[in-house]
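Mapped onto numbering that gives the first Met the number 0, the consecutive letters of the sequence shown carry residue numbers 0 to 129.
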Amino acid sequence: MAVSDPLGITAQGLETIRRQNKRLDFERLAAVIKDYAVVAIVVGYPLRLSGAEGTQSQKMQLFAEELRKKFGLPVHLWDERLTSSQANRLMREAEVSIKKRGAAVERMAATLILQSWMEARDIGGHVMSE
């Protein structure tokens, strides 16, 4: 996960939530939403390299709708293609060890998704990426 600064200019990575069950997962998301006064949620949208939607894309559409209903916030799907490979490249360039890289890649990917969405939208207020 990642959240923006209050002005919606920069994204900072947060600890990754490891899925357990819907109730616990939503409780943890609710805490982040409250703690950071989140005004919108950005969900990584897994498209194929061609840009076509696939099975995972459909699952994320359903998840985004669940988030909208549960939290009453705008939820935006944002192309996440290549964010994991970009995050891995950045970690290699920063000479982060392979052992530490695994955990950091997901955080960095969420940060990249959120940062690119904010740059494209130029909005203010806390936003959360998952």
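Note that beta-carbon positions come from the ideal geometry of N, C-alpha and C, so glycine has one too.
Residue i versus residue j: straight-line alpha-carbon distance, rounded
{"i": "L72", "j": "L66", "result": "8 Å"}
{"i": "Q19", "j": "G50", "result": "30 Å"}
{"i": "I32", "j": "R17", "result": "17 Å"}
{"i": "F70", "j": "F25", "result": "9 Å"}
{"i": "L6", "j": "R47", "result": "32 Å"}
{"i": "A36", "j": "R22", "result": "21 Å"}
{"i": "Q58", "j": "A29", "result": "The question names Gln, yet the displayed sequence has Lys at residue 58. The straight-line gap from Cα to Cα measures roughly 21 Å."}
{"i": "Y44", "j": "A119", "result": "15 Å"}
Terminal residues of the alpha helix (DSSP H) in which residue i lies
{"i": "Q55", "result": "T54 to F70"}
{"i": "V31", "result": "K21 to D34"}
For residue i, the first and last residue of its enclosing beta strand (DSSP E)
{"i": "V37", "result": "Here V37 belongs to no beta strand (DSSP E), and DSSP marks it neither H nor E."}
{"i": "G50", "result": "That residue, G50, is in no beta strand (DSSP E); it is neither H nor E in DSSP."}
{"i": "L76", "result": "V74 to D78"}
{"i": "G7", "result": "It is not in any beta strand (DSSP E) - G7 carries neither H nor E in the DSSP assignment."}
Anticipated Cβ contact below 8 Å, residue i with residue j, distance rounded
{"i": "L76", "j": "Q60", "result": "7 Å"}
query = Just checking, does the segment 34-45 make contact with the segment 53-68 on the three C-beta pairs under 8 Å criterion?
reply = yes
query = Are three or more beta carbon pairs between the segment 106-115 and the segment 12-19 nearer than 8 Å?
reply = yes
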